[in-house]
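Asks: Per my numbering, residue 33 is the first one in the sequence shown, and the count goes up by one each step. Glycine residues also receive a C-beta, built at the ideal position from the N, C-alpha and C atoms. Since we're looking at a predicted model, the values are computed, not measured.
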Amino acid sequence: MSLLKLKRNYANSFLDTCYETASTEKVAEEVSFFIEILDENLQLKRMLKNPVIKPNKKLLILNEIFEKRISKGFEDFLKLIIMNNRADLLEDVLKLYIKLKDEREGIAEVRLTVNHLPDKIEEEKIRVKIADYLGKKVVLNIEQNSEILGGFVAMIDDKVIDGSLRHQLDKIKKTMLKASI
Numbered sequence: 033m034s035l036l037k038l039k040r041n042y043a044n045s046f047l048d049t050c051y052e053t054a055s056t057e058k059v060a061e062e063v064s065f066f067i068e069i070l071d072e073n074l075q076l077k078r079m080l081k082n083p084v085i086k087p088n089k090k091l092l093i094l095n096e097i098f099e100k101r102i103s104k105g106f107e108d109f110l111k112l113i114i115m116n117n118r119a120d121l122l123e124d125v126l127k128l129y130i131k132l133k134d135e136r137e138g139i140a141e142v143r144l145t146v147n148h149l150p151d152k153i154e155e156e157k158i159r160v161k162i163a164d165y166l167g168k169k170v171v172l173n174i175e176q177n178s179e180i181l182g183g184f185v186a187m188i189d190d191k192v193i194d195g196s197l198r199h200q201l202d203k204i205k206k207t208m209l210k211a212s213i
């Protein structure tokens, strides 16, 4: 079985269990918190991926860090994946859990890059436009980039919607070059 399929199986099984116990939202918050801690703590990430460290030791360390901060269901999932010697997959499985949850709930995460940050009213208009276009609820992550002359660049999964002024000018330039040949 490929690693991607294995990660997907773990994430789907965990998500199914959370739906059965009506704890999906709470666990999603805990998973996001856990991923945030991993991103901030390289030593913890290395410890989880280290095959020399015994699973019981990994669980003990995680229990000390996350004691009473995570639900029983999430704790049980961590035990399962670590005791199966798959702790090296944990971060990817948890990120996939969030992605699959959002897909099931019709939520799209959109990374929007703009020249200047929009005010709340503009942001809401953009969110509504993109939501209408996608037919999904939209969570916007807005980044500012002064290299964008105007407009925006939206990234949704692996799809790019380039509404930037630079892109429009490039299209005009190509059209003019074709016309002059």
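Among the residues of its own chain, which have a CB less than 6 Å from the CB of G195, if the five just before and after it don't count?
Replies: Looking up residue 195 in the sequence shown gives position 163. In chain order, G183 and F184 place their CB closer than 6 Å to the CB of G195, counting only its own chain and leaving out the 5 sequence neighbours on each side.
Asks: Going by DSSP, which residues form a beta bridge with E175?
Replies: Reading the sequence shown from its first residue, position 143 is the one you call residue 175. Bridge partners of E175: T145.
Asks: Can you say whether I153 is buried or exposed, counting buried as having 16 or more other CB atoms within 10 angstroms of its CB?
Replies: Here residue 153 corresponds to residue number 121 of the sequence shown, with the count starting at 1. Exposed, since its Cβ has fewer than 16 Cβ neighbours within 10 Å.
Asks: If we count the other Cβ atoms within 10 Å of its Cβ and call it buried at 16 or more, is V192 buried or exposed?
Replies: Within the sequence shown, residue 192 is the residue found at index 160, counting from 1. Exposed: under 16 other Cβ atoms inside 10 Å.
Asks: Report buried or exposed for Y51, applying the criterion of at least 16 other Cβ atoms within 10 angstroms of its Cβ.
Replies: Taking the first residue of the sequence shown as 1, we reach residue 51 at position 19. Residue environment for Y51: exposed (fewer than 16 other C-beta atoms within 10 angstroms of its C-beta).
Asks: Are L112 and L80 touching if we call contact CB-CB under 7 Å?
Replies: On the sequence shown, residue 112 is found 80 positions in, with the first residue counted as 1. On the sequence shown, residue 80 is found 48 positions in, with the first residue counted as 1. Their beta carbons are not under 7 Å apart, which means L112 does not touch L80 by this criterion.
Asks: Note down the Cα distance separating H148 from E141, rounded to an integer number of angstroms.
Replies: To locate residue 148, count along the sequence shown from 1; it is residue 116. To locate residue 141, count along the sequence shown from 1; it is residue 109. Computed Cα separation, rounded: 20 Å.
Asks: When you compare only the Cα positions, how much space is there between L74 and I67?
Replies: On the sequence shown, position 42 is the one that residue 74 refers to. On the sequence shown, position 35 is the one that residue 67 refers to. Roughly 11 Å between the two C-alpha positions.
Asks: For the alpha helix (DSSP H) containing V63, name the first residue and the last one.
Replies: Position 31 of the sequence shown, counted from the start, is the residue given in the question as residue 63. Run containing V63: T56 to E72, per the alpha helix (DSSP H) assignment.
Asks: Is I85 helix, strand or coil by DSSP?
Replies: In the sequence shown, counting from the first residue as 1, residue 85 sits at position 53. I85 falls in the coil class under three-state DSSP.
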